[in-house]
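Student: Dumping the structure here so I can ask a few things about it.
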Amino acid sequence: MEYIQLRYFAEVARLQSFSKAAETLHISQPSLSRAIKGMEDELGVVLFDRTTRYLRLTDDGEIVLRHAAAALSMSRDLLSTLNEGRELQRGELLLGLPPVIGASFFCGDYRRLSVRIPRNPAAAGRGRRQDRGTAAERIQA
1 MEYIQLRYFA EVARLQSFSK AAETLHISQP SLSRAIKGME DELGVVLFDR TTRYLRLTDD
61 GEIVLRHAAA ALSMSRDLLS TLNEGRELQR GELLLGLPPV IGASFFCGDY RRLSVRIPRN
121 PAAAGRGRRQ DRGTAAERIQ A
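With the UniProt record's numbering as the guide, the letters of the sequence shown map in order to residues 1 to 141.
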């Protein structure tokens with residue numbers, strides 16, 4: 001089963017219409033129908049009750065929808081987390097400074113950097129890793 005099939009299935013279930021879902025997804029209605037039929041064949045279940053008046057999820061379709069929603073949500077979360085790292089919204093910035101003199105000269109630069117990248121916990125220090133937070137706090141003071 002492909003990720004795209006899960007997206008298509010979830011959209012059809014949400015809109016309760018193949019034609020509306022096809023329009024929203026920017027694909028042809030026959031292509032969407034083939035994708036859903038392929039899913040049904042692969043899973044060996046019928047996902048929708050189809051009549052001329054309505055489109056409704058079957059019991060198996062409800063189960064698949066719950067799992068599809070979870071998979072799509074995890075995929076969005078993964079992409080969001082990866083984008084945060086690329087956009088410097090997450091992570092750790094480690095700054096190494098020479099003793100005493102480096103801290104006094106770098107103080108203004110550090111403040112400008114912490115304003116520019118407010119979500120990045122910036123730590124400056126020398127020596128062991130556990131000392132870094134303390135040095136950063138001294139520079140901010």
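Where a beta carbon is used, it is the ideal one built from N, C-alpha and C, also for glycine.
Remember, it's a predicted structure, so these values are computed and weren't measured experimentally.
Determine the direct distance from the alpha carbon of Met74 to that of Leu15, and round the result to whole angstroms.
Tutor: Cα to Cα, Leu15 sits roughly 21 Å from Met74.
Student: Would you kindly report the start and end of the unbroken beta strand (DSSP E) that includes residue 153?
Tutor: Residue 153 lies beyond the stretch modelled for the chain, which goes from 1 to 141, so this question has no answer here.
Student: Exposed or buried, which one is Met1 when buried takes at least 16 other CB atoms within 10 Å?
Tutor: Counting Cβ neighbours within 10 Å, Met1 comes out exposed, since fewer than 16 surround it.
Student: Using a Cβ-Cβ distance cut-off of 8 Å, determine whether Val45 contacts chain C.
Tutor: This model lacks chain C altogether, as it is built from one protein chain only.
Student: Please report the straight-line C-alpha distance between Tyr54 and Asn83, rounded to a whole angstrom.
Tutor: Approximately 40 Å between the Cα atoms of the pair.
Student: Of the choices Asp49, Ala70 and Ala71, whose alpha-carbon is the least far from that of Gly61?
Tutor: It is Asp49 whose Cα lies nearest to the Cα of Gly61.
Student: What does the alpha-carbon distance come out to for the pair Phe9 and Ala71?
Tutor: Rounded to whole angstroms, Phe9 to Ala71 spans 12 Å at the Cα level.
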